[in-house]
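Protein chains in written order, with the working numbering: chain R, -19 to 320; chain Y, -19 to 320; chain P, 4 to 342; chain B, 4 to 342. Reading through the structure tokens given below for one structure.
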Amino acid sequence: MAQTQEAAERELTMSRAMVEAVAQEMREDDDVFLMGEDVADYGGIFSSATDLGEEFGHDRVMDVPISETSYIGAGVGAAQAGMRPIVELMFVDFFGVAMDQIYNNMAKNTYMSGGSVNVPMVLTTAVGGTYNDAAQHSQTLYGTFAHLPGMKVVVPSTAYDAKGLMHTAIRDDDPVVYMFHKRLMGLGWMPSPSGPKTDVPEDAYEIPFGEADVKREGSDVTVVTLGLHVHRAMAAADALADDGIDTEVLDLRTLVPLDTDAVLDSVRKTGRLVVVDEDYRSFGVTSEIAALAAEHALDDLEAVQRVAIPDVPIPYARPLEDEVIPGVDDIEAAVRAVRE
Amino acid sequence: MAQTQEAAERELTMSRAMVEAVAQEMREDDDVFLMGEDVADYGGIFSSATDLGEEFGHDRVMDVPISETSYIGAGVGAAQAGMRPIVELMFVDFFGVAMDQIYNNMAKNTYMSGGSVNVPMVLTTAVGGTYNDAAQHSQTLYGTFAHLPGMKVVVPSTAYDAKGLMHTAIRDDDPVVYMFHKRLMGLGWMPSPSGPKTDVPEDAYEIPFGEADVKREGSDVTVVTLGLHVHRAMAAADALADDGIDTEVLDLRTLVPLDTDAVLDSVRKTGRLVVVDEDYRSFGVTSEIAALAAEHALDDLEAVQRVAIPDVPIPYARPLEDEVIPGVDDIEAAVRAVRE
Amino acid sequence: MYDDMVTARYYEERLQEEYLEGKQPAFDISAGPIPGELHLAAGHEASGAGVCAHLRDDDTVTAPHRPHHIAIAKGVDLKRMTAEIFGRETGLSKGKGGHMHLFDPDVNFACSGIIAQGCPPAVGAGLAAKKRNTDAVAVAFLGEGAIDQGGFLESLNFASVQNLPVVFVVEDNDWAISMPKERVTDVRDGSKRADGFEMHGERVDHDDAVDVYEAAERAVGRARDGNGPTLLEVQVHRRMGHFMGDAEAYRPEEDVERHKARDSIERLAEDLRKHGITDDELDEIRESAENRVDHAIDWAKEQPEPASDAAYEDVFANPPTGGVDEASSTTAATDGGEE
Amino acid sequence: MYDDMVTARYYEERLQEEYLEGKQPAFDISAGPIPGELHLAAGHEASGAGVCAHLRDDDTVTAPHRPHHIAIAKGVDLKRMTAEIFGRETGLSKGKGGHMHLFDPDVNFACSGIIAQGCPPAVGAGLAAKKRNTDAVAVAFLGEGAIDQGGFLESLNFASVQNLPVVFVVEDNDWAISMPKERVTDVRDGSKRADGFEMHGERVDHDDAVDVYEAAERAVGRARDGNGPTLLEVQVHRRMGHFMGDAEAYRPEEDVERHKARDSIERLAEDLRKHGITDDELDEIRESAENRVDHAIDWAKEQPEPASDAAYEDVFANPPTGGVDEASSTTAATDGGEE
Ligand SMILES: Cc1ncc(C[n+]2csc(CCOP(=O)(O)OP(=O)(O)O)c2C)c(N)n1
Ligand SMILES: Cc1ncc(C[n+]2csc(CCOP(=O)(O)OP(=O)(O)O)c2C)c(N)n1
Ligand SMILES: [Mg+2]
Ligand SMILES: [Mg+2]
């Protein structure tokens, strides 16, 4: 009884939830293994692999040379041979040294083979700013990955979602890019906002890809967002509620597949759309969501605004970084603006 | 007299026009040099460097090892040292082996240095499909480059523009990605449509970045496009004119900077927007243009449609490639659809 | 080996004919029965055959943009491969991949058209074999122009430090498109790069099939026995242009002559004759190979083209359902029209 | 050299204090006066000083994520560098770059925070020098963990085949974050990789500053005289965690002790004493270095933070005008709020 209650109410950080899913899948299936830089003894710089090396040993939780092309490509080869590698790219910002393996092999081999091979691989990677790590270590690059076909793209915002989406990712027969926001992991040295730490069931469970989560229902304005900005949008919605503005907040959870129905349903209901993203504004996530609304819900649409990084590299100094990464205030302001 | 006339009416292919600009700049400025695979003796696989090796020798028209990271990065270093390298990435599809140098150094060093250094470099690259070269050799990736801040992105559609934009690119103090569509180059072995071959003045001239070109004025529907699809849109507009549909065709010419005014002015005039692109549809160029219209011209907007590659890798067989690369018919259909 | 080599040579002669059909008199890459680029391997046969002679179906091979001779030696289904090259529905990849993207999971054969990017997946296949405790090996083929590419060099290190059953086979044909080897690297013997990773390296200075066979036997044996990777470079010849349509204006006539002068197929035939194989027997092998090739090409040409809707399939093994994209038809192109 | 080394050591001790201020008792990376990550180089000083002693202002240096000791030895403006690290308006990059992105064009110093990606730009600086017929050289610094990265390996080949005035300096501190060298490569002496590119390679097995100085003299001299690139590996020590906040749970206590035991600064002091420099003279150098550092830090802390609008500047040297983005203010963030 006490135990059941504990299990039901067990709160985990996003990091713990993500790692738990990996551990459970590794216990179930010998074909699942993990490789990346500093995963074996360090447990991942952002605690994406805490204690896994101890439990599974260095053969299944492998440190690799700092040569992302070779080890990500090795993941592709191992996946095509029927294994289920989880491969970590330490920061998403490093994609540029290994993108060919990611987008020309991992993402395309299924299609280029007419489906005769497939690539059941999970590419995990840390994203996001807010701690002044500057232009080469603070990006999310959500749009960059979502734009290129052949990979599923997952962005959890809570511990509950992190675990469920990880189970789904590992069991999926396709390549999945799993982007976890550093600020949400619950790291001792980088305090999270309160939202991402949630109750997490101990047993394995899947969250299907392509199902956005309505984090808060509202009738006045729709805010579509993901990752860290789910929590910022919720904070903005709370503040706006005090002024009688009823905001609906949609957490996309996966970019590929994209839950277009959820976006369009909400837009049709509220008629006013704010899209919030921690990626560069132009040619990215906010563009896509706004375009979808314009293409498919134009009659109901009364106003749209995008809130994202204003097409500049991410600067270092605090006032500059604060300026470019959308904050709660910016979301509030945009919501107010689309109501005018 | 005869000579003047000849000069004024001289028709060039896009390849010849582009190479002429490079040659003229190289004659003017010793700091301009060219490097790439197969540029010295071959003159570029897609005739982007024809005869330059002969005129300028192998020191200024340099063949390089097949190691894009090293030689594109060397371009960055040489540019920071004050030279003006033109560096060729043979197919844009290969960006994944060298993207770090491109987006983390070339594009960001100006910003990361607070403007104390700058990177006057031109990265030329061949883009596009229509000749069945399949998933790793047929992409345009317009959106991928335009999404990441710090590089200007240029896509000529005619010989006249190719020359003028190349002069501007070489003289610009910033990194410029110059994307030429293979099908437009006027190659003997890959026949072009008739549009790209135009009169080209012999003297150097610049075309400013960020100025879209209204290729055809019209009052009913705006078609915004670039590259090869300018010509497909013009063909569609001709066909539509027979049915009394008056189509305005806008050639963006540069994606960064983007001529938002031209797009919005046209949309405000026609109220109906079709965006046509040879890149993947989602999270890309068509998204951005549609989003701009929704954000800034919503009151005038009556319908939007996007015509682009439907988020699949580019297939090999002819009927499959024809299916996914937007054709004249598809543009026509979309224009008709937005009028309903 | 001889069989594989004559099959490959004749196969490509036939492909060449077919490819050029519809591209005469003016070469138009988008005309004729075979779509896209075509990279032929005449002069490379000894390397594919000599190496693959030691491989089983459960061994993995990755090939670069010039894959036919390797595919044939690895036992890739000739008919379905041909149908793929012709862009037909019954091709290995249902017409989606084409000549640079041949995948045959039955014999664990795959390609990448990006320089050196077949190396990491081969290393991954070796890693899988090691993890699963099988004695399968993996072989990555690449050109000498590819040995300056990071993806190859990183793979040497990864295979070496993990002691994986992998063989890297560099086919040195002196040229990378128009760039002669000495213009792009100072190293004459590419296998020397193995040293820098504490890996075994070896070079076969000519393409006598028997010598390639023996070097490959050592390399594959080393991998199979758990003794780690090998970097094997083989001097081969480029009897033709880089791709069909390459006029080779950059290439001295003598160089073409030199490359054509030493034909590994003829030399192997001579060797075999010395070992008592008769001309009749050799002819028989050749004829039967030619028949098989002719048959495969005839078969392939009869195959239907894929339906245009097939373009939307196979992006994912486990495709998501729903979404507006499915309903959208604005992207359904029928014809470019203007070209 | 001694001056540069004590300056670097004391500078980083001071930075460490400043960095931890506001991060005590609980370490919060986004609190305190210095933003972001901080990688300190205690134990690396001999390599920066020994190499840069041979360099002029017009020689180029690129440094990786651990750049301070190199920047100081190269003569980067200490005050403006410090202001940059504190994220101030008068910093080298107006506060936009930070500690991993120090650029000082006056002495041709630049960084990249991406492993090995400083190598190609250094090669490019060497290429520019060759093209312009100057005798300037370029030096790329990297860690031993970076020598498995394609960008480095490709750069060796490019520098070698073009015979460029480039020196690659590998600082081998045995560790790449938590990964010991032997876990990620089989090669003990990284400079061996030079062979595979027909380049000169050399390793200094310890960080006695004088030996580093002499090896660097040969390498820089070779480059300056047009005799091509060198790969120079130097054994250095990692006296601290990878970055501030790294508890080094993965690292054996003895290893830390071993790394701390041999201090190149003390050893150089001893050498100097043997050569007749008195303790007073050494103290004087040290004190004046400390004064300079204290002064730079005091100065930096007085500098204003950049105005938030400055975030929009410097994307381009030649910024385009117009466009809706300029007018848009929806992205103007003031404060995240919830952290
Ligand atoms: C990363 C990358 N860069 C460039 C190319 C274009 N390309 C295709 S084949 C080739 C030459 C390859 O030469 P080599 O490796 O010697 O093989 P060969 O063609 O001689 O068999 C080049 C440059 C590519 N496919 N991928
Ligand atoms: C391409 C890339 N991969 C990974 C990282 C993350 N990273 C930063 S420093 C580092 C370790 C570097 O070790 P080493 O090169 O030995 O330098 P050291 O820190 O020991 O001085 C890693 C993995 C990075 N910055 N870039
Ligand atoms: Mg070759
Ligand atoms: Mg190290």
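Backbone N, C-alpha and C define an ideal beta-carbon position, used for all residues, glycine too.
Check whether the Cβ of alanine 192 (chain Y) lies closer than 7 Å to any heavy atom of ligand 4, and answer yes or no. Judged by the Cβ position, alanine 192 (chain Y) fails to qualify as a neighbour of ligand 4 at the 7 Å threshold, every heavy atom of the ligand being at least this far.
Tell me whether the beta-carbon of valine 265 (chain R) lies closer than 8 Å to the beta-carbon of tyrosine 315 (chain B). Cβ distance not < 8 Å, so valine 265 (chain R) and tyrosine 315 (chain B) don't count as in contact.
Along the beta strand (DSSP E) that carries isoleucine 66 (chain Y), what are the first and last residues, could you check? Per DSSP, isoleucine 66 (chain Y) belongs to the beta strand (DSSP E) from 64 to 71.
Shorter than 8 Å from the beta carbon of alanine 54 (chain Y) to some beta carbon of chain R? Not closer than 8 Å to any Cβ of chain R, the Cβ of alanine 54 (chain Y) fails to qualify, so no.
Report the residue from Y:Val44, Y:Glu268, Y:Glu312 whose alpha carbon sits nearest the alpha carbon of alanine 149 (chain P). Shortest Cα-Cα distance from alanine 149 (chain P) to any of Y:Val44, Y:Glu268, Y:Glu312 involves Y:Val44.
Pull the bridge partners of tryptophan 302 (chain B) from the DSSP assignment, please. None, per the DSSP bridge assignment.
If distances are taken between C-alpha atoms only, which option among Y:Ala126, Y:Ala215, Y:Asp11 comes closest to glutamate 323 (chain Y)? Because chain Y here runs from -19 to 320, residue 323 (chain Y) falls outside it and cannot be looked at.
For proline 129 (chain Y) and chain R, any beta-carbon pair shorter than 8 Å? Taking Cβ atoms only, chain R reaches closer than 8 Å to proline 129 (chain Y), which makes this a yes.
Environment of ligand 3 in chain order, Cβ to heavy atom below 7 Å: Any heavy atom of ligand 3 counts here; residues with a Cβ closer than 7 Å to one of them, in chain order, are P:Gly146, P:Glu147, P:Gly148, P:Glu174, P:Asp175, P:Asn176, P:Asp177, P:Trp178, P:Ala179, P:Arg241.
Shorter than 8 Å from the beta carbon of glutamate 341 (chain P) to some beta carbon of chain R? With a pLDDT of 39 at glutamate 341 (chain P), under the threshold of 50, the modelled position of that residue is not reliable, and the figure given next carries that caveat. Residue-level contact check: glutamate 341 (chain P) does not touch chain R, since none of the beta carbons of chain R fall below 8 Å from its beta carbon.
Do we get a CB-CB distance below 8 Å when we pair arginine 298 (chain Y) with the residues of chain R? Chain R contact via Cβ: absent.
Please list, in chain order, all residues of the same chain as lysine 82 (chain B) whose beta carbon is under 7 Å from its beta carbon, the five residues on each side excluded. Taking lysine 82 (chain B) as the centre and dropping the five residues before and after it, the same chain places the C-beta of Ala299, Trp302, Ala303 closer than 7 Å to its C-beta, in chain order.
Kindly say whether proline 155 (chain R), judged by its beta-carbon, lies nearer than 8 Å to any beta-carbon of chain B. Proline 155 (chain R) has a beta carbon lying at 8 Å or more from every beta carbon in chain B.
With distance defined between alpha-carbon atoms, name the residue in R:Gly123, R:Tyr158, R:Val256 nearest to valine 134 (chain R). When only C-alpha atoms are compared, the closest one is R:Tyr158.
Quick one, which of Y:Ile289, Y:His127, Y:Lys143, Y:Glu268 has its alpha-carbon nearest proline 188 (chain Y)'s? Measuring from the Cα of proline 188 (chain Y), the nearest candidate turns out to be Y:Lys143.
For aspartate 18 (chain Y), which of Y:Glu275, Y:Thr178, Y:Thr105 has the nearest alpha-carbon? Cα-wise, what sits closest to aspartate 18 (chain Y) is Y:Thr105.
If distances are taken between C-alpha atoms only, which option among P:Ala52, P:Gly94, P:Met182 comes closest to isoleucine 37 (chain P)? Per the Cα distances, P:Gly94.
Using a Cβ-Cβ cut-off of less than 8 Å, list which residues of the region 157 to 188 of chain R approach chain P; keep chain order. For the region 157 to 188 of chain R, the set of positions with a beta-carbon nearer than 8 Å to some beta-carbon of chain P is empty.
According to the Cβ coordinates, are valine 107 (chain Y) and histidine 161 (chain Y) closer than 8 Å? At a Cβ-Cβ threshold of 8 Å, valine 107 (chain Y) and histidine 161 (chain Y) count as neighbours.
In the DSSP assignment, the alpha helix (DSSP H) including tyrosine 51 (chain R) goes from what residue to what residue? In the DSSP annotation of this structure, the continuous segment of the alpha helix (DSSP H) that includes tyrosine 51 (chain R) starts and ends at 48 to 60.
Taking CB distances under 8 Å as the criterion, tell me whether valine 97 (chain R) reaches chain P. It does: the Cβ of valine 97 (chain R) has a partner Cβ on chain P nearer than 8 Å.
By a C-beta neighbour count over all protein chains shown, 10 Å radius and 16 as the cutoff for buried, is histidine 211 (chain R) buried or exposed? So histidine 211 (chain R) ends up on the buried side.
Collapsed DSSP secondary structure at histidine 161 (chain Y) in the structure displayed: Strand, per DSSP.
Amino acids of chain Y, ordered along the chain, whose beta-carbon sits closer than 8 Å to that of glycine 199 (chain P): Correct list: empty, because the minimum Cβ distance to chain Y is about 16 Å.
What's the C-alpha gap between histidine 262 (chain B) and aspartate 211 (chain B)? Rounded to the nearest angstrom, the two C-alpha atoms are 13 Å apart.
Does the distance between the C-beta of isoleucine 118 (chain P) and the nearest non-hydrogen atom of ligand 1 fall short of 7 Å? For isoleucine 118 (chain P), the CB falls within less than 7 Å of some heavy atom of ligand 1.
Beta carbon proximity, aspartate 73 (chain R) to chain P, threshold 8 Å: Judged by the 8 Å Cβ criterion, aspartate 73 (chain R) is not in contact with chain P.
Per-residue contacts from glycine 123 (chain Y) into chain B (C-beta, under 7 Å): Contact annotation for glycine 123 (chain Y) against chain B: no contact, minimum CB-CB distance about 17 Å [criterion: below 7 Å].
Any contact of the region 137 to 147 of chain P with the region 195 to 204 of chain P, i.e. 3+ C-beta pairs under 8 Å? Between the region 137 to 147 of chain P and the region 195 to 204 of chain P there are fewer than three inter-stretch CB-CB distances shorter than 8 Å, so the stretches are not counted as touching.
Mind checking the region 181 to 215 of chain P against chain Y and listing, in chain order, the residues whose C-beta falls within less than 8 Å of any C-beta there? Answer in chain order: Ser181, Met182, Arg186, Val187, Thr188.
Could you tell me which chain P residues have their CB closer than 8 Å to the CB of glycine 153 (chain B), listed as they occur along the chain? Going along chain P in sequence order, the residues near glycine 153 (chain B) (Cβ under 8 Å) are Gln152, Gly153, Gly154, Leu156, Glu157.
Can you pull the chain Y neighbours of proline 293 (chain R), defined as C-beta to C-beta under 7 Å? Going along chain Y in sequence order, the residues near proline 293 (chain R) (Cβ under 7 Å) are Lys88, Tyr91, Met92, Pro129, Gly130.
Return yes when the C-beta of valine 77 (chain Y) is under 7 Å from any heavy atom of ligand 1, and no when it is not. Because some heavy atom of ligand 1 lies under 7 Å away, the Cβ of valine 77 (chain Y) counts as near it: yes.
For my contact list, glutamate 174 (chain P) and valine 239 (chain P) are in at a C-beta cut-off of 8 Å; report their separation, rounded to the angstrom. For glutamate 174 (chain P) against valine 239 (chain P), the beta-carbon gap comes to about 5 Å, under 8 Å, which counts as contact.
Is histidine 127 (chain R) closer than 8 Å to aspartate 73 (chain R) when the C-beta atoms are compared? Contact check for aspartate 73 (chain R) against histidine 127 (chain R) fails: the beta carbons are separated by 8 Å or more.
Cβ of methionine 79 (chain Y) within 8 Å of any chain B Cβ: So no, methionine 79 (chain Y) is outside the interface.
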